[in-house]
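Following my numbering from start to finish, the sequence shown increments by one per residue and tops out at 272.
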Amino acid sequence: RAIGATVPDLVSWEWAKRARKGKARLDFTQNAINKTLVAPYSPRPSPGAPVSMPISWDELEDPDLRPDSWTIRDVAERVAQAGDPFAQVLTDAQELPTLG
Numbered sequence: 173r174a175i176g177a178t179v180p181d182l183v184s185w186e187w188a189k190r191a192r193k194g195k196a197r198l199d200f201t202q203n204a205i206n207k208t209l210v211a212p213y214s215p216r217p218s219p220g221a222p223v224s225m226p227i228s229w230d231e232l233e234d235p236d237l238r239p240d241s242w243t244i245r246d247v248a249e250r251v252a253q254a255g256d257p258f259a260q261v262l263t264d265a266q267e268l269p270t271l272g
């Protein structure tokens, strides 16, 4: 909830996409015991085995972007062609603001 209070113009608690009005849904209910979050490059339990693919900020503007855009069959080729957008997270030092 502290994140929502810090950047209320970016996140919403609303489940319905229409009610969020362009904001990202911040699902704090996943931050609880016995809950899991998917890691980058993880296959999802859906038809076609879509992969949780890290993307660039520019790719968010693509109107054809879908959660099932990449699958276990093409993820290696995409990383070979476009690079690994997640790699920087593992190597760059980051400072997070104090919340609350």
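Heads up, the beta-carbon is just placed ideally off N, CA and C, and yes, glycines get one too.
What you are looking at is a predicted structure, and each value in this text was computed from that prediction instead of being measured.
Where residue i sits in the DSSP three-state scheme
i           : result
residue 243 : strand
residue 221 : coil
residue 250 : helix
residue 231 : helix
Close Cβ partners of residue i (< 8 Å) along its chain, the five nearest in sequence each way excluded
i           : result
residue 196 : 182, 183 and 184
residue 210 : 216 and 224
residue 214 : 223 and 224
DSSP beta-bridge partners of residue i
i           : result
residue 196 : 183
residue 215 : 223
Cut-off 6 Å between Cβ atoms - residues of its own chain near residue i, not counting five sequence neighbours on either side
i           : result
residue 236 : none
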